[in-house]
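Notes follow the structure.
Protein chains: 2
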Amino acid sequence: MTVSKDVSGGVALWRRIADAIRLDIVGGKLASGDRLPTEALLAERFSANRHTVRRALAVLAEEGVVGAEQGRGTFVRSARRLSYPIGRRTRFREGLRGQAASLVSQSLSHRIENATAAVAAALGLKPGAKVVRTEGLSIADGRPISRSTTWLPYRLFPDFAERIAQLQSTTAVFASYGIDDYARASTRISARHADVEETKLLGLAPGAILLVSEAVDVDSAAIPISYALSRFPAERMELVV
Amino acid sequence: MTVSKDVSGGVALWRRIADAIRLDIVGGKLASGDRLPTEALLAERFSANRHTVRRALAVLAEEGVVGAEQGRGTFVRSARRLSYPIGRRTRFREGLRGQAASLVSQSLSHRIENATAAVAAALGLKPGAKVVRTEGLSIADGRPISRSTTWLPYRLFPDFAERIAQLQSTTAVFASYGIDDYARASTRISARHADVEETKLLGLAPGAILLVSEAVDVDSAAIPISYALSRFPAERMELVV
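If you're matching them up, the sequences are chains A and B in order. So for the first sequence, the working numbering puts the first residue at 65; every next one is plus one. So for the second sequence, the working numbering puts the first residue at 65; every next one is plus one.
Here it is as structure tokens:
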């Protein structure tokens, strides 16, 4: 717990300043390589003191969005958000191809559990049916871009967790089970603040926003094969339909 | 500006408590009619004092998400989020049909302006081309659910603004120009905090999250006819693909 004076309705002024600058960059008002207005001008624009502006710039610098250059000022870096295409044929790795030099998927943990009502409904199972639950983290060029929890019918994929840890790709694991094609049945998109665990795992500043997608994939016979709850840092990812 | 002691990383504890409870409701851990844990239990769960928990509950009560009942405790109300379907054929009013008893679209203002680079690119125009810009607000059952800014080629729709004020429906205005069918070419979805104006117009608590969609619609000859930037309060709306 720290004490802050610049709080209005639960979001500190430094965070709102950082958001506004990020928005200027995403919206094209500021392009990569542009010099940011001086601290004095930013302080005036946001009715803030320079200490507050400096804190906002420090957070943006930490995220790689801006960089200070000795004696020259603060410049916009090319930290563009990645675009993840959502459609009938949604593939995470394919969708991000060409947008990142490296894309690593980590399998954090897995367990067998009984489906809650929500998971059972999504997968067309009876509540309490056995499901495999895997926890994963995806990292693009060193920046975590997705934290996902996936449930699958245990009956169809008893050792899904072991295979995903080895193959790193959901598509590859499905193929190993003889499923050569699968399709996105539905995607529900919402947004919320990251919780403490997500903030830590995704390397975010506390209070960062997540885009949340709840997706059901089905096989060629329209049988649900996975239900995934994915959290994407809004400052790093956008979804394109 | 107020002073808050419960700030961690720019988001006050009361706001994070409210987010967590909202998440429990959306995620199905708490259903409509369920009694919330007592203030003492919530205070323990979030390592907060009871004053902070009370503030979180007051905000949720104001939003209609929970309600306190004299001598009985605090209960979950059925303030479910509306689902807005996004697809090839995306229609705002049609998509929300059955989810709200009343849906009012207000035309706030309009003007003719020269397209910025981003607007021109979205509409396939030359930068600086004349565009109609309209500002709108949509309200479902008394709750604002969308604040949108729409740009259209002036050449095609010189008096779009006047017609939308009268007809209230984009589909109806397009029909009045002889466009009987149109389709969604692309939708880009991101999320950020609401700014001061959006907070006020949408009737949100400061620091609320918006889902932002940038959408281009095209006519049957694939000519771009509108570019809309819509902001939906994440606590009231979700997008379904």
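By construction, the Cβ of each residue, glycine as well, lies at the ideal position given by its N, Cα and C atoms.
Residue environment, residue i, which counts as buried when at least 16 other CB atoms sit within 10 Å
i      : result
D244/A : exposed
E34/A  : In the structure as shown, chain A begins at 65 and stops at 305. Residue 34/A is therefore absent and cannot be evaluated.
E127/B : buried
A298/A : buried
P208/B : buried
E158/B : exposed
D307/A : Any answer about residue 307/A is impossible in this case: the structure gives chain A only from 65 up to 305.
I287/B : exposed
E226/A : exposed
A179/B : buried
S68/B  : Unreliable placement is indicated for S68/B, whose pLDDT of 41 sits below 50; no coordinate value is reported for it.
P191/B : exposed
T40/B  : Here chain B comprises residues numbered 65 to 305, so residue 40/B is not present and cannot be evaluated.
E23/B  : Absent from the structure is residue 23/B, since the part of chain B shown begins at 65 and ends at 305.
R136/B : exposed
L105/A : exposed
Nonlocal neighbours in the same chain, by C-beta distance under 8 Å from residue i, ignoring five residues either side
i      : result
H257/B : G271, A272, I273, L274
V304/A : S147, Y148, P149, I150
T138/B : R99, L100, L121, A125, V130, G131, A132
G267/A : R207, P208
V183/B : L189, V195, W215, Y291
Helix, strand or coil at residue i [DSSP, three-state]
i      : result
S96/A  : coil
D223/B : coil
E199/B : strand
S212/A : strand
D70/B  : Unreliable positioning characterises D70/B in this predicted model, as indicated by a pLDDT of 43, which lies under 50. The coordinate reading is nonetheless provided below. Three-state DSSP puts D70/B in a strand.
L268/B : coil
V105/A : Residue identity differs from the one stated: residue 105/A is Leu in this sequence, not Val. In this structure, L105/A counts as helix in the three-state DSSP scheme.
A193/B : coil
E299/B : coil
D83/A  : helix
D283/B : strand
V305/A : coil
Q232/A : coil
S111/B : coil
E127/B : coil
G137/A : strand
I89/A  : helix
S250/A : strand
R207/A : strand
S240/A : helix
R256/B : strand
R145/A : coil
R152/B : coil
A164/A : coil
M65/A  : Any reading at M65/A must be qualified, since the residue scores a pLDDT of 35, below 50, and its modelled position is unreliable; the value itself is stated next. Coil.
Spatial neighbours of residue i in its chain, beta-carbon cut-off 6 Å, leaving aside the 5 residues before and after
i      : result
E302/B : R145, S147
R197/B : R175, E177, W215
S284/B : D245
F110/B : I81
M65/B  : Reliability fails at M65/B, whose pLDDT of 35 lies under 50, so the model's placement of it is uncertain and the value that follows must be treated cautiously. For M65/B, where only same-chain residues beyond five positions count, there are no Cβ hits under 6 Å.
T251/A : I150, S277, A279
V168/A : I203
E199/B : L172, S173, T213
D88/B  : L94
A249/B : V280, V282
Chain-order list of residues whose beta-carbon lies under 7 Å from that of residue i (same chain, five-residue window excluded)
i      : result
N113/A : A107
A255/A : I273, L274, L275, V276, A298
R141/A : S96, G128, V129, V130, G131
A185/A : none
L265/B : L201, P208, R211
T263/A : P270, A272
A164/A : L146, A204, D205
F221/B : V196, Y241
A229/A : S171
R155/B : T235
V237/A : F224, R227, I228, L231
Y218/A : I176, K194, V195, V196
E103/A : R114, V117, R118
Just by C-beta distance, which residues in the stretch 290–304 of chain A are closer than 8 Å to chain B? Hits within the stretch, in order: A298, E302, L303, V304.
For the structure I just gave you, are there three or more beta carbon pairs, one from the stretch 77–90 of chain B and one from the stretch 288–295 of chain A, closer than 8 Å? Taking a contact to require three or more Cβ pairs closer than 8 Å, the stretch 77–90 of chain B and the stretch 288–295 of chain A do not qualify as touching.
To be precise: take each residue of the stretch 268–286 of chain A, compare its Cβ to all Cβ atoms of chain B, and keep it if any distance is under 7 Å. Which residues remain? Result list: A269, P270, G271, I273, L275.
For the stretch 75–89 of chain A, enumerate the residues whose C-beta is nearer than 9 Å to any C-beta of chain B, in chain order. V75, A76, L77, W78, R79, R80, A82, D83, A84, R86, L87
If contact means a Cβ-Cβ distance below 9 Å, which residues of the stretch 238–263 of chain B contact chain A? Hits within the stretch, in order: R248, S250, T251, R252, I253, S254, A255, R256, H257, D259, V260, T263.
Mind checking the stretch 138–153 of chain B against chain A and listing, in chain order, the residues whose C-beta falls within less than 9 Å of any C-beta there? R145, S147, I150, G151
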